[in-house]
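Each remark here refers to the structure printed beneath this line.
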Amino acid sequence: MVRTTAAGVVCAGALAAVTAVPAQAQEPEPQRSAHWELKDTGSPAVRFRGLAAVDRDTAWLAGSAGTVLRTTDGGASWRNVSPPGAGELQFRDVEAFDARRAVVLAIGEGEASRVYRTEDGGATWAEAFRNTDPRAFYDCMAFFDRRHGLAMSDPVDGRFRILSTADGGRSWTVLPQDGMPDALAGEAGFAASGQCLVTAGSKDVWLATGGGARARVLHSADRGRTWTAADTPIPAGDPARGVFALAFRDRAHGLAVGGDYRPDQDSPSAAARTRDGGTTWRPAAAPVSAYRSGVAWLPHSRTAALAVGPTGTDLTTDGGRTWRTVDSGSYDTVDCTPDFGCWAAGEKGRAARLER
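Here the working numbering is used: the first residue of the sequence shown is 2, the next is one more, and so on.
Written out as structure tokens, the structure is:
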């Protein structure tokens with residue numbers, strides 16, 4: 002399904018040209034390289050870690066203070082479609098099927114972890130799941146298609162817990178844990194960008210971890226029933242370190258980014274890649290420049306991808322072997338659509354769309 006096209010190649014080349022050129026040397030607007038264009042959300046106090054790009058015109062944001070926004074005009078305007086009474090919740094993930102149907106995940110211990118669903122563009126919401134186990138803490142969710150999806154919790158009884166839906170998020174069931182390998186001491190997921198759980202195809206799903214002695218990626222080829230675990234070269238060994246985000250362009254080729262989220266700590270070797278579905282991971286020869294919490298493949302490209310974090314955006318044009326910084330703006334998450342609707346979001350109400 003993913004293939005190289007002229008549009009993908011042209012945009013990757015344009016992004017690669019985004020360097021620290023002195024302002025007086027920049028070309029007029031019509032000749033500018035691809036760049037992030039900020040879209041005013043009117044929500045400067047909100048941090049948006051949840052992002053679902055539907056296309057170049059439509060995107061959903063989910064963030065702090067129970068906030069959910071939606072645009073259908075390319076970010077020119079945003080509608081606040083937050084679920085009523087959700088002001089105390091922290092939304093960290095949103096999965097949208099179109100401009101009207103979306104599912105949002107709130108994180109936290111016990112009943113703070115919840116899932117809401119809308120079928121009318123956020124005019125009304127239904128609470129689809131409320132966690133009643135005080136030991137569970139849900140971090141991310143992902144969908145295989147419009148009906149089948151999963152959500153993941155930090156380990157309960159020594160293993161990651163998986164929640165499953167087969168009706169588009171209307172109802173959820175906890176899956177048996179007997180197919181899940183034991184978690185490492187201190188191991189957990191990071192609810193930093195909604196990308197600690199990702200899918201490719203109809204059955205494959207990957208889960209990113211950190212906090213333990215090793216940063217791992219767990220893989221299931223049967224929609225979360227059974228899992229295998231693989232070590233990555235991304236540093237761990239501390240609650241603030243590990244793999245924060247994953248992106249797979251197909252069942253075989255994936256990227257992992259992360260590091261140490263503390264701003265006063267370096268994040269060396271914070272990017273890795275796989276060509277065998279996550280069985281083995283190789284470190285990037287030239288990794289991302291700092292901690293990165295989100296990653297996405299550019300549409301219709303087999304080699305180009307973006308990674309974002311609080312200190313900037315990095316680009317790879319060789320499938321994750323090498324990365325270079327192309328923007329210094331702060332973003333937590335990134336998502337792209339087939340019509341080249343690449344969006345990013347983050348702190349202080351920031352949202353942007355990639356423009357060429």
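Quick reminder that beta carbons are idealized off the backbone N, C-alpha and C, glycines included.
query                                                                                                                                                                         : result
Quickly, what does DSSP pair Ala346 with across the bridge? List them, please.                                                                                                : Thr334 and Ala352
Of the choices Pro236, Cys141, Trp61 and Phe138, whose alpha-carbon is the least far from that of Thr338?                                                                     : Trp61
Closest to Arg274 by CA distance: which of Arg136, Ala353 and Val289 is it?                                                                                                   : Val289
Write down every uninterrupted run of the alpha helix (DSSP H) in the region 270–332 whose length is 4 residues or greater and which is fully enclosed by it, in chain order. : none
Whole-angstrom Cβ separation of Leu106 and Arg93, contact assumed at under 8 Å?                                                                                               : 6 Å
Who does His220 pair with in a DSSP beta bridge?                                                                                                                              : Trp207 and Thr229
Compare the C-alpha of Ser44 against each of Ala352, Val309 and Ser302 and name the closest.                                                                                  : Ala352
Ignore the nearest five residues each way along the sequence and tell me which others in Glu348's own chain have a CB closer than 6 Å to its CB.                              : Arg48 and Ser331
Answer yes or no: do Gly342 and Asp41 have a C-beta to C-beta separation smaller than 9 Å?                                                                                    : no
Put Phe341 into one of helix, strand or coil per three-state DSSP.                                                                                                            : coil
If I measure Cβ to Cβ from Gly109 and keep anything under 7 Å in the same chain, skipping five residues before and after, which residues do I get?                            : Gln91 and Phe138
Express the C-alpha separation of Ser34 and Glu28 in angstroms, rounding to a whole number.                                                                                   : For Glu28, the predicted structure reports a pLDDT of 37, less than 50, and the residue's modelled location is therefore unreliable. A value from the coordinates is still provided. Answer to the nearest angstrom: the Cα atoms are 9 Å apart.
For Asn132, which residues does DSSP report across the bridge?                                                                                                                : Note: Asn132 sits in no beta bridge, so no partner.
In terms of alpha-carbon separation, which member of Ala87, Arg224 and Thr210 lies closest to Gly180?                                                                         : Arg224
Quick check: the region 252–263 against the region 282–299, are there 3 or more CB pairs under 8 Å?                                                                           : yes
Exposed or buried, what is Glu188 when buried is set at 16 or more other beta-carbons lying within 10 Å of its beta-carbon?                                                   : buried
Which class does Ala186 belong to by DSSP, given the choice of helix, strand or coil?                                                                                         : coil
Please name the residue or residues paired with Tyr358 in a DSSP beta bridge.                                                                                                 : Lying before the first or after the last residue shown, residue 358 is absent from the chain, which here runs from 2 to 357.
Any beta carbon of chain C sitting closer than 9 Å to that of Gly88?                                                                                                          : Within the model displayed, chain C is absent; a lone protein chain is all it includes.
Heavy atom of the ligand COA less than 8 Å from the Cβ of Gly76, yes or no?                                                                                                   : Looking for the ligand COA in the displayed structure turns up nothing, as the structure carries no ligands at all.
Give me the DSSP bridge partner(s) of Ile163.                                                                                                                                 : Met153
Out of Gly76, Thr59, Gly123 and Ser78, state which residue places its alpha-carbon closest to the alpha-carbon of Gly67.                                                      : Gly123
Can you give the Cα-Cα distance for Gln25 and Ala193, rounded to whole angstroms?                                                                                             : Note that Gln25 scores a pLDDT of 37, beneath 50, so its modelled location is shaky and nothing firm can be said.
Does DSSP put Glu112 in a helix, in a strand, or in coil?                                                                                                                     : helix
In three-state terms, what does DSSP make of Arg101?                                                                                                                          : coil
Would you identify the three-state DSSP class for Phe92, choosing helix, strand or coil?                                                                                      : strand
Rank Thr312, Gly195 and Gly321 by C-alpha distance to the C-alpha of Ala305 and give the top, closest one.                                                                    : Gly321
Closest to Cys197 by C-alpha separation, out of Phe249, Phe130 and Ser172, would be which residue?                                                                            : Phe249
Taking only the alpha-carbon atoms, compute the straight-line gap between Arg162 and Gly150 and give it to the nearest angstrom.                                              : 14 Å
Which one of Val82, Thr200, Gln266 and Val309 has the shortest CA to CA distance from Pro240?                                                                                 : Gln266
To the nearest angstrom, report how far apart Glu112 and Glu356 are at their CA atoms.                                                                                        : 40 Å
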